[in-house]
Each structure stands twice: as C-alpha cells, then as structure tokens.
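Before any comments, here is the structure.
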Amino acid sequence: RGMSDIIGIVLIAMAVLLVVAQLSFDRGDVSSNRYPPNQTTHNLIGAAGAFIGNLLFQGFGAGAYVLPIRLMLFGLGHLFEFLSYLKRRWVWAAVLFMTCLGMFDLYSGYLATLRHNIGAASAGGFFGQIMNQLVFGNFGQIGATILFVLLYAVSLIFLTNFQLGPWLRSRVTVTPGVDSAEAEDEPEESKSWSPEERALAKKARDLE
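Residue numbers (this note's numbering): 183 to 390.
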C-alpha cells in the first residue's frame with residue numbers, strides 16, 4: 183500500500199506541474215516557434231516547462247490539456263479505494279484521450295486562435311492528424327464525428343462505471359406491461375419508485 187501511495191503522490195505532482203506549464207505556456211519561449219526566443223522565459227516552470235509544454239502541444243495539440251486530468255485521476259486512484267478501479271481502466275483512458283485528439287484535429291479549422299497560441303500545426307497535434315489521415319478521415323467529417331462521439335461515450339461509460347441501462351429505465355414513467363389503468367391505481371408513493379420496485383409491486387399484487 184505504501185508504494186501505491188507514493189505512485190499516487192508522484193502522479194498528482196506531475197499533473198500539477200503539467201497544468202502550470204501548460205497554462206503559462208508562451209510559444210515565444212521556444213526557439214522553434216520564434217527566433218530569437220523570449221529573453222526571459224515566461225513559463226512559470228522555466229525552460230523545462232516551456233520545452234515540455236511545446237513537445238506535448240506539438241504531439242497532442244489541445245488534447246495535451248487532457249493529460250493532467252488523467253494523471254490526477256489515476257493518482258487519486260492510487261490514494262483512494264473507491265477510485266482504485268481506475269488503475270485497471272487505462273486502456274479506456276487511452277481511447278478517450280485519442281478520441282479527443284481526433285476530434286480536435288477534425289475541427290482544427292475552427293480553432294485557429296488556439297492553434298496559434300499553442301504553436302501547433304493542428305489542434306489535435308501530430309497524432310490527431312495521423313489518426314484522421316489513416317482512418318477516420320475516410321468517413322468524412324460527419325461520419326468521423328459520429329464515430330468519435332460513439333468512442334467517447336463508450337470509453338466514458340467504462341471509466342466512470344456509469345450504468346446506462348438502469349439510468350434509461352429510470353427515465354421511463356410507466357413500466358412496460360403495466361397499462362395506464364393499473365398505473366392510476368398505484369399508491370401515490372409509488373411515483374418515486376424505480377422501475378424495478380414498481381415491477382416487484384405489480385408481481386405482489388398479481389400474487390394477491
């Protein structure tokens with residue numbers, strides 16, 4: 183458990199460093215973006231922060247902002263038992279991350295200001311461009327958007343343990359198999375019951 187706590191603290195510290203480096207990023211701090219670069223580094227993490235921020239933005243575009251969130255969540259997963267399941271969901275976290283890259287690149291034309299600020303050729307970075315050129319770009323913008331939304335929803339469900347089926351059933355006001363006349367005969371307090379509780383109550387009435 184001690185090692186797990188150390189890993190969690192390290193991941194959280196890395197997340198904080200990345201957030202500060204990215205939020206204070208100035209493309210003029212890096213010579214590849216501006217020559218000569220700023221005489222005084224504007225990045226709050228110094229030259230290292232400017233270098234790391236530029237490297238991440240070139241590779242992942244605006245998707246780099248997702249990295250600190252992932253590190254923070256996985257760090258908390260090492261510290262708190264109720265989030266420990268996240269440690270086993272790294273594959274779905276990777277799918278969610280790559281989906282963000284592809285979506286950003288797909289709509290990169292609408293994010294010109296963002297691309298300029300982070301000094302990246304694409305809002306989805308190098309990897310977002312490669313994904314769309316090789317795979318998702320073949321489906322057109324609308325088709326690729328549908329696929330990205332699907333992948334995003336599936337990965338988010340697996341990451342959060344969200345129960346989609348029960349949630350949808352809870353939105354249904356009348357349980358299938360119970361007609362409107364039976365629904366009117368139900369007691370007033372049953373209106374707050376879940377579909378499963380209402381189904382059980384109907385079975386009990388049928389048995390009576």
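Using N, Cα and C, we set each Cβ at its ideal position, and we do this for glycine too.
Cβ distance (whole Å) where residue i is taken to contact residue j below 8 angstroms
i    : j    : result
F239 : I300 : 4 angstroms
F242 : T281 : That pair is no contact at about 12 angstroms.
L199 : A275 : Contact flag wrong, Cβ pair sits at about 19 angstroms.
L283 : Q323 : Actually they are not in contact, since the Cβ atoms of L283 and Q323 sit about 16 angstroms apart, beyond 8 angstroms.
Delimiting residues of the alpha helix (DSSP H) encompassing residue i
i    : result
K384 : P377 to L389
I300 : A294 to I300
P250 : V248 to L261
T327 : G322 to T342
T281 : W272 to L288
Y186 : Residue identity differs from the one stated: residue 186 is Ser in this sequence, not Tyr. It spans G184 to L205 - the alpha helix (DSSP H) in which S186 sits, taken as one unbroken run.
N236 : G228 to F242
L316 : G307 to L316
Neighbourhood of residue i by C-beta, 8 angstroms cutoff - its chain only, sequence neighbours within 5 removed
i    : result
G210 : R216, P219, N220 and H224
L296 : A244 and A305
V277 : L333, V336 and S337
7 angstroms Cβ shell around residue i - same chain, five flanking residues per side excluded
i    : result
G235 : A203, Q204, F207 and N225
Q315 : none
Local Cβ density within 10 Å of residue i, reported as buried at 16 or more and exposed below that
i    : result
A386 : exposed
I188 : exposed
M285 : buried
L389 : exposed
M415 : The question about residue 415 has no answer, for the chain in this structure spans 183 to 390.
F262 : exposed
S290 : buried
F309 : buried
L382 : exposed
L237 : exposed
I328 : exposed
Beta-carbon contacts of residue i that lie in its chain and below 6 angstroms, excluding the five residues immediately before and after
i    : result
Y334 : T281
E378 : none
G190 : G257, H260 and L261
Proximity test, residue i beta-carbon vs the ligand FAD heavy atom, cut-off 7 angstroms
i    : result
V212 : Among the components modelled here there is no ligand, and therefore nothing to report on the ligand FAD.
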